[in-house]
Amino acid sequence: MLRVFFGTQNRGKLRELRRLVRGLAVEVTSPEDHPQPLPEVVEDGRTFRENAEKKASAYARLLDLHALADDSGLCVDALGGAPGVYSARFSEGEDGLSSPACAMAHLGEAELGVELARAARDEANNDKLLGALSGVPEAKRGAAYMAVLALADPNGNLLAAVEGVCRGRIGFARRGEGGFGYDPLFIPEGVPGTAGRTMAELSPDEKDAISHRGRAFRALLPVLARLAFDKTGKEG
22 MLRVFFGTQN RGKLRELRRL VRGLAVEVTS PEDHPQPLPE VVEDGRTFRE
72 NAEKKASAYA RLLDLHALAD DSGLCVDALG GAPGVYSARF SEGEDGLSSP
122 ACAMAHLGEA ELGVELARAA RDEANNDKLL GALSGVPEAK RGAAYMAVLA
172 LADPNGNLLA AVEGVCRGRI GFARRGEGGF GYDPLFIPEG VPGTAGRTMA
222 ELSPDEKDAI SHRGRAFRAL LPVLARLAFD KTGKEG
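Counted from 1, the sequence shown has number 221 at position 200 by the working numbering; the numbering is strictly sequential.
Below you can see the structure in the form of C-alpha cells.
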C-alpha cells in the first residue's frame, strides 16, 4: 500500500481526493492523521503551481512520505482573474460584511473550530464576490475554477505537477447545499448533464467528473498508479 500525505486542512478537498483514489492501492493521510500539529507552509507563490509545488516538497521532506498538495481557486474574467491565488482569503481585511454569519469568519478556528470557521469564511468570500459583480450582466460573468496538484517523493523531489480547469459563470445568488468554497455560485458551462446547476447542486460523483480538481487528479492518476504498483510489487 502506498501512503500519500495530502497537505490540506480542507476536509472537502480531502473527501474529494479519497473518492477519486478509490480502486488504487493508495492510502491518503492528512494533517489530522498525525499526532503532532504540523507547521503550516506559507503560500506566498504568485501562481497556483508555485504554491502547490512548495507545499508538496516541504511536507514530503518533513514526513518522509510521498506528499501531494494542491492550490486552487476561482479566476473571474470581469475581475481581471481575481481572486486567483487569494481565493481562500478573498474577504480578509474587509469591513462591513453583509451578515453576522460572515463576520464569524474573523473569530478564527480557536472559537469556531476548523469546519465552522471555514464555512464562515466561505460565506464571507461569496458575499464579497457577489458585491464585486453587482450590476455585471450574465454575459460578462464568465469564470474558471483552476487547480494544480503537485506530487513529491519522500526526499522532496517533485515527481509531477498537473493542472485542471473548469469553465463556467458566476450566478446571481447561492444555490445548493453541497460542495464548499464558491460552489454555490459557480455554474459550469459546456458540460452535458449539468443543466445550469451550480457545483453545489451536483452530486459528489457528478462534481468529480467535471471539476477542476477531478480533472487534475485524473491527469495525475497514471503517476500514482505506477507508484502504487511499484510499492506493492516490492513488498510482495
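For every residue, glycine included, the Cβ atom is placed at its ideal position computed from N, Cα and C.
Beta carbon of residue i nearer than 7 angstroms to that of residue j
{"i": "residue 167", "j": "residue 250", "result": "no"}
{"i": "residue 84", "j": "residue 27", "result": "no"}
{"i": "residue 221", "j": "residue 200", "result": "yes"}
{"i": "residue 209", "j": "residue 231", "result": "yes"}
{"i": "residue 37", "j": "residue 234", "result": "yes"}
Cut-off 6 angstroms between Cβ atoms - residues of its own chain near residue i, not counting five sequence neighbours on either side
{"i": "residue 236", "result": "185"}
{"i": "residue 64", "result": "72"}
Straight-line gap, residue i to residue j (C-alpha atoms, nearest Å)
{"i": "residue 56", "j": "residue 35", "result": "18 angstroms"}
{"i": "residue 241", "j": "residue 99", "result": "31 angstroms"}
{"i": "residue 87", "j": "residue 150", "result": "36 angstroms"}
{"i": "residue 247", "j": "residue 71", "result": "25 angstroms"}
{"i": "residue 144", "j": "residue 158", "result": "22 angstroms"}
{"i": "residue 133", "j": "residue 225", "result": "Any reading at residue 133 must be qualified, since the residue scores a pLDDT of 41, below 50, and its modelled position is unreliable; the value itself is stated next. Each residue's Cα considered, the two are about 26 angstroms apart."}
{"i": "residue 191", "j": "residue 227", "result": "19 angstroms"}
{"i": "residue 205", "j": "residue 60", "result": "31 angstroms"}
{"i": "residue 189", "j": "residue 207", "result": "7 angstroms"}
{"i": "residue 24", "j": "residue 47", "result": "6 angstroms"}
{"i": "residue 156", "j": "residue 81", "result": "46 angstroms"}
{"i": "residue 49", "j": "residue 252", "result": "15 angstroms"}
{"i": "residue 33", "j": "residue 169", "result": "16 angstroms"}
{"i": "residue 223", "j": "residue 177", "result": "36 angstroms"}
{"i": "residue 239", "j": "residue 54", "result": "25 angstroms"}
Beta-carbon proximity list for residue i, same chain, < 8 angstroms, skipping 5 on both sides
{"i": "residue 179", "result": "74, 77, 78, 171, 172, 173"}
{"i": "residue 29", "result": "35, 51, 52, 90, 91"}
{"i": "residue 154", "result": "97, 99, 100, 162, 191"}
{"i": "residue 164", "result": "95, 96, 97, 98, 188, 189, 190, 191, 207"}
{"i": "residue 106", "result": "64, 66, 67, 68, 69, 72, 92, 94"}
{"i": "residue 58", "result": "52"}
Close beta carbons around residue i, own chain, < 7 angstroms, minus the five adjacent residues each side
{"i": "residue 119", "result": "The predicted model places residue 119 with a pLDDT of 39, which falls under 50 and marks its position as unreliable; any figure quoted below should be read in that light. Around residue 119: 148."}
{"i": "residue 115", "result": "Residue confidence is low: residue 115 scores 48 on pLDDT, short of 50, so the model does not pin down where it sits. Its coordinate-derived value is still stated next. So the qualifying residues of the chain are 149."}
Cβ separation of residue i and residue j, assumed to be a contact under 8 angstroms, to the nearest whole Å
{"i": "residue 229", "j": "residue 43", "result": "Rounded, the Cβ-Cβ distance is 10 angstroms, inconsistent with contact."}
{"i": "residue 139", "j": "residue 31", "result": "7 angstroms"}
Span of the alpha helix (DSSP H), counted from its first residue to its last, around residue i
{"i": "residue 227", "result": "225 to 231"}
{"i": "residue 100", "result": "Per DSSP, residue 100 belongs to no alpha helix (DSSP H) and is neither H nor E."}
First and last residue of the uninterrupted beta strand (DSSP E) at residue i
{"i": "residue 163", "result": "163 to 173"}
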